[in-house]
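Student:
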Amino acid sequence: MMHYQGEPVVAKVAAEFGIPYTLSTLGTTSIEDLAAIAPDTRKWFQLYLWRDKTTRYELVERAAAAGYEAIMLTVDTVVGGMRVRDVENGLTIPPQLTLKTMADMAKYPKWWGNLLTTKPLEFASLKSTGGTVAELMNSVFDPSITMKDVEWLKVNWPGKLIVKGVQNVNDAAMLANAGVDAVVLSNHGGRQLDRSVVPLELLPSVKTAISGTNAQLFIDGGALSGSDIVGGIGLGADAVLVGRAYLYGIMAGGEAGVRRAAQILQGEVEQTMRLMGITSLDQLTPDMVRFRGQAKS
Ligand SMILES: Cc1cc2nc3c(=O)[nH]c(=O)nc-3n(C[C@H](O)[C@H](O)[C@H](O)COP(=O)(O)O)c2cc1C
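Throughout, our numbering is defined as the position within the sequence shown, counted from one, plus 3.
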C-alpha cells in the first residue's frame, strides 16, 4: 500500500545491510514469492494466530517449507485496535474509492498510476476476505491465544521462535522461562491499545527479569533515528526493530528510499557512537542513557 514495489525491495535492502526482514501474515507478497525473490535475505515470518486451526498450521508449514529462519508470533492483536483513522480514510484492502480518496488521488497521481497498473493489492498469503484490517482481525484472529499456543509452536516449528507485542515484565519472564528465543517489547506502535505502556520504559526491568534465561530481548516503537537505536541497545535490548522508519523511505522513493532510510539509520548509529566515545555497541551501558525528565545519577 505504501509503494507498488512492496516487500521484495525491503527484503533486498535488508540483505544488503546484513539485517533480517520480517514478512507479515498480512503482507501483499506471499511467503513463497518473497522466498523466491529474496533468497539471500535472512527471512523471518510474522504470524497472526488464526481461529481456524487448518489455516494456522498451513501458514507455519509454508514458512518452514520456504526456509524462513524464525517465526515472530504477534500476541498484542487478539482483536483489532480502534483505528478510527483507517475507517475515516477508507484504508482497506483494496483501498476504497470515496470522494476523499479521489481528492487524494489528484495529489498523488504517480502513486495511483502505479497502484492501478500493477498487480492488485491483496493479502497474498491468505484467502482474503476484504474490508478494513480491524474487521479482518476480528473475524479471523483467535482471541483466546494462551501459552499453550506458544508451546505448540515450540514443538511444531523447526526454527527460532520470537514473541512480539509483550507489554509487561511477568509476561516477558514467563515466555523467556518457557524457552522462546526472543521476546519483542512492543505496543504495536500504539495501533492497538493506544494508551498502553511505552516499551522503552519497560526495557530495564524486563532485562533484569529475563537475565537468567537464554532469551534475547528486542524492542520496537518509534525508532526513527540511529540515536534511538543506540538508546535501546544501551538500555539492554539485543536489537531494535524498525517499521515506520523504512516505510517512510519506501513511500518517498521505493527501493532507493528504503536504502536511503537504512543508510541514514546506520550513519546515525555510527555518528552517535563516535560522539559518545565508544567503538563497539558492547561498550554501551544503561547509565549512558537517560529518560527525558529522569534525574541524572
Ligand atoms: C502500516 C503498519 C502495518 C503494520 N502491520 C503489522 C503486522 O502486520 N504485524 C505486526 O506484528 N505488526 C505490524 N505493525 C506494527 C509494527 O510491526 C511495529 O510494532 C510498530 O509500527 C512500532 O514500530 P515503529 O515505530 O518502528 O513503526 C504495523 C505497523 C504499521 C505502521
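From the three backbone atoms N, C-alpha and C, an ideal C-beta is built for every residue, glycine too.
Remember, predicted model here, so these are calculated numbers, not experimental data.
What separation, rounded to the nearest whole angstrom, lies between the Cα atoms of Leu94 and Met5?
Tutor: Here the question's residue 94 lines up with position 91 in the sequence shown. Here the question's residue 5 lines up with position 2 in the sequence shown. When rounded, the distance between both Cα atoms is 11 Å.
Student: Skipping 5 residues on each side, what residues in its chain have a beta carbon closer than 6 Å to that of Asn117?
Tutor: For the purposes of this step, residue 117 is taken as the residue at position 114 of the sequence shown. Once the five neighbours on either side are set aside, the close Cβ partners of Asn117 are Tyr7.
Student: Give me, in chain order, the residues of the same chain whose beta-carbon lies closer than 6 Å to that of Thr44; leave out the 5 immediate sequence neighbours on both sides.
Tutor: Numbered from 1 along the sequence shown, position 41 holds the residue referred to as residue 44. The residues are Ala14, Ala17, Ala18, Tyr24.
Student: Do Phe144 and Tyr51 have their beta-carbon atoms positioned less than 8 Å apart in this structure?
Tutor: Position 48 of the sequence shown, counted from the start, is the residue given in the question as residue 51. Position 141 of the sequence shown, counted from the start, is the residue given in the question as residue 144. Going by C-beta atoms, Tyr51 is nearer than 8 Å to Phe144.
Student: Ligand 1 heavy atoms versus the CB of Val245: any closer than 7 Å?
Tutor: By 1-based counting over the sequence shown, the position of residue 245 is 242. Yes, ligand 1 has a heavy atom inside 7 Å of this Cβ.
Student: Return yes when the C-beta of His191 is under 7 Å from any heavy atom of ligand 1, and no when it is not.
Tutor: Taking the sequence shown and counting its residues from 1, the one referred to as residue 191 is at position 188. Yes, the Cβ of His191 comes within 7 Å of a heavy atom of ligand 1.
Student: When the Cα atoms are used, what is the spatial distance from Ala248 to Ile22?
Tutor: Counting from 1 along the sequence shown, the entry for residue 248 is found at position 245. Counting from 1 along the sequence shown, the entry for residue 22 is found at position 19. Taking the straight line from one Cα to the other gives about 15 Å.
Student: Thinking C-beta only, is Leu203 closer than 8 Å to Leu244?
Tutor: Position 241 of the sequence shown, counted from the first residue, corresponds to residue 244. Position 200 of the sequence shown, counted from the first residue, corresponds to residue 203. Their beta carbons are not under 8 Å apart, which means Leu244 does not touch Leu203 by this criterion.
Student: Determine contact between the region 214–228 and the region 174–188, defined as no fewer than three beta-carbon pairs at a distance below 8 Å.
Tutor: Short answer: they touch.
Student: Pull up the CB-CB distance for Ile40 and Pro11, whole angstroms please, since I reckon it's below 8 Å.
Tutor: For the purposes of this step, residue 40 is taken as the residue at position 37 of the sequence shown. For the purposes of this step, residue 11 is taken as the residue at position 8 of the sequence shown. 4 Å between Cβ atoms; contact.
Student: Rounded to the nearest angstrom, what separates Asn171 and Lys210 at their Cα positions?
Tutor: Numbered from its first residue, the sequence shown carries residue 171 at position 168. Numbered from its first residue, the sequence shown carries residue 210 at position 207. One C-alpha to the other measures close to 11 Å.
Student: May I have the straight-line CA-CA distance separating Asp89 from Thr135, to the nearest angstrom?
Tutor: In the sequence shown, the residue the question calls residue 89 occupies position 86. In the sequence shown, the residue the question calls residue 135 occupies position 132. Going by the C-alpha atoms only, they are around 7 Å apart.
Student: So what does DSSP say about Val186, is it helix, strand or coil?
Tutor: As a first step, residue 186 is located in the sequence shown; it is residue number 183 there, counting from the start. Val186: strand per DSSP, three-state reduction.
Student: Please identify the residue among Gly235, Lys167, Leu268, Asn180 whose C-alpha is closest to the C-alpha of Val1.
Tutor: Given a span of 4 to 300 for the chain in the structure shown, any question on residue 1 remains unanswerable.
Student: Using only alpha-carbon positions, find the residue among Ala259, Pro289, Gln274, Gly257 that is nearest to Pro207.
Tutor: Locating residue 207 in the sequence shown gives position 204, counting from the first residue. When only C-alpha atoms are compared, the closest one is Pro289.
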